[in-house]
Amino acid sequence: MIDLSEILFYLVAALILFGAAGVVLSRNIVYAAVGLLLTMLGTAGLFILVFAEFLALVQVLIYGGAVVVLILFAIMLTRIDDFRNLTDNGQQLVAGLVSIIVVVTLIASILTTSIEQTLLSGVGIQELGIVLFSDWAIPFEIASLVLLIALIGSVVLVKRGEGGD
Amino acid sequence: MELIHFQLLAAILFSVGLYGVLARRSAVLILMSIELMLNAVNINIIGFASYGNFASSFSSFGQVLIVFVITIAAAELALAIAIILRLYRNRNTVNVDEIDILKG
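So the sequences go chain by chain: A and B. Position 87 of the first sequence, counting from 1, maps to 272 under this note's numbering, and the rest follow consecutively. Position 49 of the second sequence, counting from 1, maps to 54 under this note's numbering, and the rest follow consecutively.
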């Protein structure tokens with residue numbers, strides 16, 4: 186018996202894999218960025234399907250908004266002459282072989298391991314917020330410090346030697 | 006919808022991202038493929054957090070873990086794009102197979 190959530194899961198999974206295929210196969214780098222956006226939105230849909238609304242929101246805001254826009258900026262600023270006709274390096278065969286080996290190994294280990302599972306148990310925003318700011322308060326603050334350092338570092342990296350170099 | 010669906014989807018997405026990292030030439034596309042792999046990890050974690058038979062505290066732990074993964078991924082992306090811009094300014098290319106100044 187297939188219920189609605191199952192159908193939605195397959196739709197979202199198809200969206201995710203379609204976007205991922207666009208990222209790794211597209212000849213046009215802007216289409217690849219749009220494929221990344223599709224994958225991120227699909228993942229947000231997946232989060233909603235398991236009642237993780239906060240993560241879906243964060244996924245759309247950070248990945249769908251910031252990350253894709255940042256990547257489009259990077260594409261714009263590093264103007265590659267042939268951005269409509271990208272070529273891969275000569276490793277497609279090796280890369281395909283390695284990734285097929287990895288996926289076969291992963292799927293074999295998934296299928297041969299049985300894991301005890303329960304019915305879907307969602308975590309509400311309220312519960313997540315309480316846990317995040319009580320048990321995980323120090324890691325949370327450290328993460329904000331990491332973000333700050335990364336942003337300062339990237340500004341310094343880009344700005345250094347602007348005039349004379 | 007079961008745990009195994011999430012695991013299979015994450016495995017396939019991870020290897021698609023791995024193919025992108027190994028086969029793509031532009032550094033920006035390699036970065037995007039790394040984002041795909043991080044996303045696969047997130048899908049795996051949310052599958053276990055929602056369907057795994059753990060104590061209930063682990064369910065929220067999975068979501069907290071995903072919040073941290075997203076944070077670190079954003080920090081990593083900002084730094085990587087700064088490095089790519091720097092690289093473009095110095096070497097006038099972002100193709101990783103042309104950046105071989107460390108080659109002996």
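Even glycine gets a Cβ: it sits at the ideal position worked out from N, Cα and C.
{"Item": "With a Cβ-Cβ cutoff of 8 Å, do Ala217(A) and Leu34(B) count as a contact?", "Value": "yes"}
{"Item": "Beta-carbon separation of Ser82(B) and Leu255(A) under 8 Å?", "Value": "Ser is not the amino acid found at residue 82(B); the sequence shown has Leu there. Yes, these two residues count as a Cβ contact at 8 Å."}
{"Item": "Rounded to the nearest angstrom, what separates Val332(A) and Val340(A) at their Cα positions?", "Value": "Per the sequence shown, the amino acid found at residue 332(A) is Leu instead of Val. Their backbone Cα atoms lie some 12 Å apart in a straight line."}
{"Item": "Under 7 Å Cβ to Cβ from Asp102(B), same chain only, skipping five residues before and after it: list those, please.", "Value": "Arg30"}
{"Item": "In whole angstroms, what is the alpha-carbon distance linking Ile89(B) and Leu196(A)?", "Value": "35 Å"}
{"Item": "Identify the contact partners of Ala91(B) in chain A, using a Cβ-Cβ distance below 7 Å as the criterion.", "Value": "A small correction: the amino acid at residue 91(B) is Arg; Ala does not occupy that position in the sequence shown. Those within 7 Å of Arg91(B) in chain A are Leu342 and Val343."}
{"Item": "The segment 14-36 of chain B: which residues have C-beta closer than 9 Å to a C-beta of chain A, in chain order?", "Value": "Leu14, Ala15, Ala16, Ile17, Leu18, Phe19, Ser20, Val21, Gly22, Leu23, Tyr24, Gly25, Val26, Leu27, Ala28, Arg29, Arg30, Ser31, Ala32, Val33, Leu34 and Leu36"}
{"Item": "At the level of alpha carbons, what is the spacing between Ile201(A) and Ala45(B)?", "Value": "10 Å"}
{"Item": "Alpha helix (DSSP H) containing Ala335(A): first to last residue?", "Value": "Ala322 to Lys344"}
{"Item": "Could you work out which residues of chain A lie near Leu41(B), taking near to mean beta carbons separated by less than 7 Å?", "Value": "Ala205, Val208 and Thr224"}
{"Item": "Label Ala335(A) either buried or exposed according to how many other C-beta atoms from any shown protein chain fall within 10 Å of its C-beta, with 16 as the threshold for buried.", "Value": "buried"}
{"Item": "Which of helix, strand or coil does DSSP assign to Ser284(A)?", "Value": "helix"}
{"Item": "Looking at the C-beta of Asp102(B), does it have a partner C-beta in chain A at a distance below 8 Å?", "Value": "yes"}
{"Item": "By the 10 Å Cβ neighbour count, where 16 or more other Cβ atoms means buried, how is Val289(A) classified, buried or exposed?", "Value": "exposed"}
{"Item": "Pick from Tyr248(A), Val215(A) and Ser294(A): whose alpha carbon is nearest that of Met261(A)?", "Value": "Val215(A)"}
{"Item": "Is any beta-carbon of chain B found at less than 8 Å from that of Leu305(A)?", "Value": "yes"}
{"Item": "Are the C-beta atoms of Gln311(A) and some chain B residue less than 8 Å apart?", "Value": "no"}
{"Item": "Check the Cβ-Cβ distances between Ile295(A) and every residue of chain B, and say whether any is below 8 Å.", "Value": "yes"}
{"Item": "I'd like to know if Val74(B) contacts chain A, where contact means its C-beta is closer than 8 Å to some C-beta of that chain.", "Value": "no"}
{"Item": "CB Glu23(B) to CB Ile48(B), shorter than 8 Å?", "Value": "The question names Glu, but residue 23(B) in the sequence shown is Leu. Contact: no."}
{"Item": "So, under 8 Å CB-CB, Ala328(A) and Gln68(B) are touching, yes? Tell me the CB distance rounded to an integer number of Å.", "Value": "Contact doesn't hold; Cβ gap of about 14 Å is too wide."}
{"Item": "Please state if the CB of Leu107(B) and the CB of Ala32(B) are separated by a distance shorter than 8 Å.", "Value": "no"}
{"Item": "What residues in its chain sit with their C-beta under 8 Å from that of Gly307(A), if we drop five residues either side in the sequence?", "Value": "Val235, Phe236 and Ala237"}
{"Item": "DSSP on Asn100(B), reduced to helix/strand/coil?", "Value": "strand"}
{"Item": "Using a cut-off of 7 Å between C-beta atoms, extract the partners of Ile48(B) located in chain A.", "Value": "Thr228 and Leu231"}
{"Item": "Answer with buried or exposed for Phe203(A), where buried requires no fewer than 16 other C-beta atoms within 10 angstroms of its C-beta.", "Value": "exposed"}
{"Item": "Residues of chain A with CB closer than 7 Å to the CB of Ile88(B), please, in chain order.", "Value": "Leu342"}
{"Item": "Using the beta-carbon of each residue, which ones in chain B are nearer than 7 Å to Ile247(A)?", "Value": "Ile75 and Ala79"}
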